[in-house]
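Colleague: So the mapping is simple: my numbering equals the position in the sequence shown, first residue as 1, plus 2.
What follows is a structure written as structure tokens; I'll ask about it next.
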Amino acid sequence: MSGETTVHPEMLGLYPETLDCVHCGLCLTACPTYRATGRETSSPRGRIYLMRGVAEGRIPLSGTVAEEAYLCLGCRACETACPAGVAYGSLLEHTRAAVEAQGLRDGLPKRIESSALRNLVPHPRRLHWAMSALAAVQHLALDRVVRPLLPKRLREMHALLPKIPASSERGRLPRFTPANGERRGRVAMFEGCIMPEMFGRVNAATVRVLAACGLEVVSPEGQGCCGALQAHGGELEFARALARSNLAAFDPEDFDSLVVGSAGCGASLRELGDWLPGEGDALAAKVRDVSEVIVEAGIPADLNRVAGTVCYDDPCHLIHGQGVSRPPRAILEAIPGLELVQHDDPGSCCGAAGIYNLTQPEMSRTVLARKMDALAALDPDFIATGNPGCMMQLATGVKQRGLRAEVVHPVELLDRALSSA
Ligand code: SF4
Ligand code: SF4
Numbered sequence: 003m004s005g006e007t008t009v010h011p012e013m014l015g016l017y018p019e020t021l022d023c024v025h026c027g028l029c030l031t032a033c034p035t036y037r038a039t040g041r042e043t044s045s046p047r048g049r050i051y052l053m054r055g056v057a058e059g060r061i062p063l064s065g066t067v068a069e070e071a072y073l074c075l076g077c078r079a080c081e082t083a084c085p086a087g088v089a090y091g092s093l094l095e096h097t098r099a100a101v102e103a104q105g106l107r108d109g110l111p112k113r114i115e116s117s118a119l120r121n122l123v124p125h126p127r128r129l130h131w132a133m134s135a136l137a138a139v140q141h142l143a144l145d146r147v148v149r150p151l152l153p154k155r156l157r158e159m160h161a162l163l164p165k166i167p168a169s170s171e172r173g174r175l176p177r178f179t180p181a182n183g184e185r186r187g188r189v190a191m192f193e194g195c196i197m198p199e200m201f202g203r204v205n206a207a208t209v210r211v212l213a214a215c216g217l218e219v220v221s222p223e224g225q226g227c228c229g230a231l232q233a234h235g236g237e238l239e240f241a242r243a244l245a246r247s248n249l250a251a252f253d254p255e256d257f258d259s260l261v262v263g264s265a266g267c268g269a270s271l272r273e274l275g276d277w278l279p280g281e282g283d284a285l286a287a288k289v290r291d292v293s294e295v296i297v298e299a300g301i302p303a304d305l306n307r308v309a310g311t312v313c314y315d316d317p318c319h320l321i322h323g324q325g326v327s328r329p330p331r332a333i334l335e336a337i338p339g340l341e342l343v344q345h346d347d348p349g350s351c352c353g354a355a356g357i358y359n360l361t362q363p364e365m366s367r368t369v370l371a372r373k374m375d376a377l378a379a380l381d382p383d384f385i386a387t388g389n390p391g392c393m394m395q396l397a398t399g400v401k402q403r404g405l406r407a408e409v410v411h412p413v414e415l416l417d418r419a420l421s422s423a
């Protein structure tokens, strides 16, 4: 490495991992941004080359590096494709942290993003009030009145905004829920930040299903945002502070598994040991996706019919970030009357990628279009996926294409089969 150039410490830290890449190119066709652009610099191999060049002091930490770091979806499909085991997700997080520290993403959009991720998302009360205000605006249709006056970028953001659920569906879970029948274990529920506000119904369904599996469920006070969105935005230190709050809230000795229904949160929580070496390992070891916990506990018998066809779409942070693909399908296959049909493109990104659909709207639309082509070809009754960002993105795609599908979490369909029994 050059002794003359000052290299950012985050880039020096990631250098050894960049050497794992043997430039074979097997990741290229798995990469949505490479498929869309055909550019080597927009591929995993090209980005790793840039990272390594920066770490060696051969390439400046410049706007080009920053653009490619943020054009990347962080979907980690390249990790699944890579025979050399390159930990691309970690490389990307450190590169983005260096880009942020260097001030290469300054400007109003970045300041709004950073402020929302620091001052709104991790604060449950503020987030609840903001969502309530937004719900009132939607109820009075004020947003539709103002929309034509907004700049193009804000109009695009408005088009992505889902309907805010009724206040009865937005809220936290009970601190304790007993098992139904014989108690077979005790799990802790990770509620998340966006989930209680946008998908409180999924969290509530998850607790009902876990209880039906014979598991008592605790949901401790003091838990909060996992820090995934902040880490993906290059704010690693802030993400670590959020992770420490969760370490204080969850005692890994108190439960068998930490159940997560949001794939993005699950992937980050499994990496607590990397974020906070020595501190986070015990809790990280307990993290399980809800689908894994249900299958391990045993899918309840005597389910009633839920008629229709369902396409399962793998959240990137579940299939690529956590290696979980079979359990959600097993749940859907177990429901009588429901036919699981396989579309052509289940393991590739839908373009949501945290807040990527807001920060990179053009590429996000390109990536979503490919996904919706595959789903529209089958025109299912349900599209099931296990991540809030993916659910919102796919619902946008369904609306734009005029499809009939209801976008749901797999656990919701199991809950329906239980509650109609
Ligand atoms: S994370 Fe996704 S978008 Fe980024 S380089 Fe890997 S495959 Fe491409
Ligand atoms: S598949 Fe892995 S080793 Fe091959 S080019 Fe991609 S990142 Fe490098």
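Ideal Cβ placement from N, Cα and C applies to all residues, glycine included.
According to DSSP, Asp291 sits in a beta bridge with which residue or residues?
Modeller: On the sequence shown, position 289 is the one that residue 291 refers to. Per DSSP, Val262.
Colleague: Please report how far the alpha carbon of His319 lies from the alpha carbon of Thr179, in whole angstroms.
Modeller: Position 317 of the sequence shown holds residue 319. Position 177 of the sequence shown holds residue 179. C-alpha separation (whole angstroms): 28 Å.
Colleague: Taking the Cβ atom as the reference point for each residue, do Cys352 and Gln402 lie within a distance shorter than 8 Å?
Modeller: Reading the sequence shown from its first residue, position 350 is the one you call residue 352. Reading the sequence shown from its first residue, position 400 is the one you call residue 402. No. Outside cutoff.
Colleague: Is the number of C-beta pairs between the region 222 to 234 and the region 266 to 275 that are closer than 8 Å three or more?
Modeller: Touching, per the Cβ criterion.
Colleague: Taking the continuous alpha helix (DSSP H) assigned at Thr311, which residues delimit it?
Modeller: Numbered from its first residue, the sequence shown carries residue 311 at position 309. First-last for Thr311: Gly310 to Tyr314, but that is the beta strand (DSSP E), not the alpha helix (DSSP H).
Colleague: For Ile385, report the span of its beta strand (DSSP E) as first-last.
Modeller: Stepping through the sequence shown from its first residue, residue 385 is reached at position 383. Start and end: Phe384 to Ala386.
Colleague: Just to confirm before moving on: does the CB-CB distance between Asn205 and Glu223 stay below 8 Å?
Modeller: Sequence index remark: in the sequence shown, residue 205 carries index 203 (1-based). Sequence index remark: in the sequence shown, residue 223 carries index 221 (1-based). No, they are not a contact pair.
Colleague: Can you tell me where the alpha helix (DSSP H) holding Val400 begins and where it ends?
Modeller: Walking along the sequence shown from the start, residue 400 turns up at place 398. Taken as a continuous stretch (DSSP letters only), the alpha helix (DSSP H) holding Val400 covers Pro390 to Arg403.
Colleague: Do Glu115 and Thr361 have their C-beta atoms closer together than 8 Å?
Modeller: On the sequence shown, residue 115 is found 113 positions in, with the first residue counted as 1. On the sequence shown, residue 361 is found 359 positions in, with the first residue counted as 1. Cβ atoms of Glu115 and Thr361: closer than 8 Å.
Colleague: Have a look at Leu142 and Ala135 and give me their C-alpha separation to the nearest angstrom.
Modeller: Taking the sequence shown and counting its residues from 1, one reaches residue 142 at position 140. Taking the sequence shown and counting its residues from 1, one reaches residue 135 at position 133. Each residue's Cα considered, the two are about 11 Å apart.
Colleague: By the three-class DSSP mapping on this structure, what secondary structure does Phe240 have?
Modeller: The count along the sequence shown starts at 1 and reaches residue 240 at position 238. Three-state DSSP puts Phe240 in a helix.
Colleague: Who are the near neighbours of Arg155 in its chain, counting only those whose CB is closer than 7 Å to its CB and skipping five residues on each side?
Modeller: As a working note, residue 155 is residue 153 in the sequence shown. Same-chain partners within the cutoff: there are none.
Colleague: Need the endpoints of the beta strand (DSSP E) that Leu21 sits in, please.
Modeller: One-based indexing of the sequence shown puts residue 21 at position 19. That residue, Leu21, is in no beta strand (DSSP E); it is neither H nor E in DSSP.
Colleague: Following the continuous beta strand (DSSP E) through Ala190, name the residue where it begins and the one where it ends.
Modeller: In the sequence shown, the residue the question calls residue 190 occupies position 188. That run of the beta strand (DSSP E) goes Gly187 to Phe192.
Colleague: Does the separation of the CB atoms of Ala99 and Leu238 fall below 8 Å?
Modeller: Working through the sequence shown from its first residue, we reach residue 99 at position 97. Working through the sequence shown from its first residue, we reach residue 238 at position 236. Taking 8 Å as the Cβ cut-off, Ala99 and Leu238 qualify as a contacting pair.
Colleague: For a test of the three-state rule: what should DSSP assign to Val413, helix, strand or coil?
Modeller: The residue labelled residue 413 in the question sits at position 411 within the sequence shown. It is helical.
Colleague: Roughly how many angstroms separate the alpha carbons of Leu52 and Ala241, rounded to a whole number?
Modeller: Position 50 of the sequence shown, counted from the first residue, corresponds to residue 52. Position 239 of the sequence shown, counted from the first residue, corresponds to residue 241. The alpha-carbon atoms of Leu52 and Ala241 are separated by roughly 25 Å.
Colleague: Go through its chain and collect everything with a Cβ distance to Gly310's Cβ below 8 Å, but skip five positions before and after it.
Modeller: Taking the sequence shown and counting its residues from 1, one reaches residue 310 at position 308. Only Gly339, Leu340, Glu341, Pro382, Asp383 and Phe384 meet the Cβ criterion.
Colleague: Ignoring anything shorter than 4 residues or poking outside the region 320 to 386, list the alpha helix (DSSP H) runs there in chain order.
Modeller: The region 320 to 386 contains these whole alpha helix (DSSP H) runs: 328 to 336, 358 to 361 and 363 to 378.
Colleague: For the putative contact between Leu162 and Asn359, defined by C-beta atoms under 8 Å, what is the C-beta separation to the nearest angstrom?
Modeller: Position 160 of the sequence shown, counting from 1, holds the residue named residue 162. Position 357 of the sequence shown, counting from 1, holds the residue named residue 359. That pair is a contact at about 6 Å.
Colleague: Just curious, the beta strand (DSSP E) that Val220 is in, first and last residue?
Modeller: By one-based count along the sequence shown, residue 220 stands at place 218. Its beta strand (DSSP E) spans residues Leu217 to Val220.
Colleague: With a Cβ-Cβ cutoff of 8 Å, do Ala428 and Arg272 count as a contact?
Modeller: Residue 428 is absent from the structure shown; the chain starts at 3 and stops at 423.
Colleague: Just to confirm, is the Cβ distance from Ser247 to Gly275 under 8 Å?
Modeller: Here residue 247 is taken as the residue at index 245 of the sequence shown, counted from 1. Here residue 275 is taken as the residue at index 273 of the sequence shown, counted from 1. For Ser247 and Gly275, no; Cβs fall outside 8 Å.
Colleague: Ligand 2 and His25: does any heavy atom of the ligand fall closer than 7 Å to the residue's C-beta?
Modeller: Taking the first residue of the sequence shown as 1, we reach residue 25 at position 23. For ligand 2, at least one heavy atom lies less than 7 Å from the Cβ of His25.
Colleague: What residues in its chain sit with their C-beta under 8 Å from that of Leu305, if we drop five residues either side in the sequence?
Modeller: Taking the first residue of the sequence shown as 1, we reach residue 305 at position 303. Cβ neighbours of Leu305 beyond the five flanking positions: Ala336, Ile337, Pro338, Leu416, Ala419, Leu420 and Ala423.
Colleague: Can you name, in chain order, every residue of its own chain whose Cβ lies under 8 Å from the Cβ of Leu73, other than the five neighbours on each side?
Modeller: As a first step, residue 73 is located in the sequence shown; it is residue number 71 there, counting from the start. Thr35, Ser44, Gln362 and Met365.
Colleague: Look up Glu223 in the DSSP assignment and say whether it is helix, strand or coil.
Modeller: Locating residue 223 in the sequence shown gives position 221, where the first residue counts as 1. In this structure, Glu223 counts as coil in the three-state DSSP scheme.
Colleague: Consult DSSP for Glu69 and reduce its assignment to one of helix, strand or coil.
Modeller: As a working mapping, residue 69 is identified with position 67 in the sequence shown. Of the three classes helix, strand and coil, the one that applies to Glu69 here is helix, per DSSP.
Colleague: Looking at the secondary structure, which residues open and close the alpha helix (DSSP H) in which Ser134 lies?
Modeller: What you label residue 134 is simply residue 132 of the sequence shown in a count that begins at 1. Pro126 to His141 is the extent of the alpha helix (DSSP H) around Ser134.
Colleague: Look at the alpha carbon of Ala89 and the alpha carbon of Leu217, and state the distance between them as a whole number of angstroms.
Modeller: As a working note, residue 89 is residue 87 in the sequence shown. As a working note, residue 217 is residue 215 in the sequence shown. Going from the Cα of Ala89 to the Cα of Leu217 covers about 34 Å.
Colleague: May I ask you to report which of helix, strand or coil DSSP gives Thr82?
Modeller: Translated into the one-based positions of the sequence shown, residue 82 becomes position 80. Helix.
Colleague: Label Leu93 either buried or exposed according to how many other C-beta atoms from any shown protein chain fall within 10 Å of its C-beta, with 16 as the threshold for buried.
Modeller: Here residue 93 is taken as the residue at index 91 of the sequence shown, counted from 1. When all chains shown are included, Leu93 counts as buried.
Colleague: Who are the Cβ neighbours of Leu30 in its own chain at under 6 Å, not counting the five residues just before and after it?
Modeller: Position 28 of the sequence shown, counted from the first residue, corresponds to residue 30. Answer for Leu30: Tyr36 and Ser45, listed in chain order.
Colleague: May I have a chain-ordered list of the beta strand (DSSP E) segments no shorter than 3 residues that lie completely inside the region 160 to 215?
Modeller: Runs of the beta strand (DSSP E) inside the region 160 to 215: 187 to 192.
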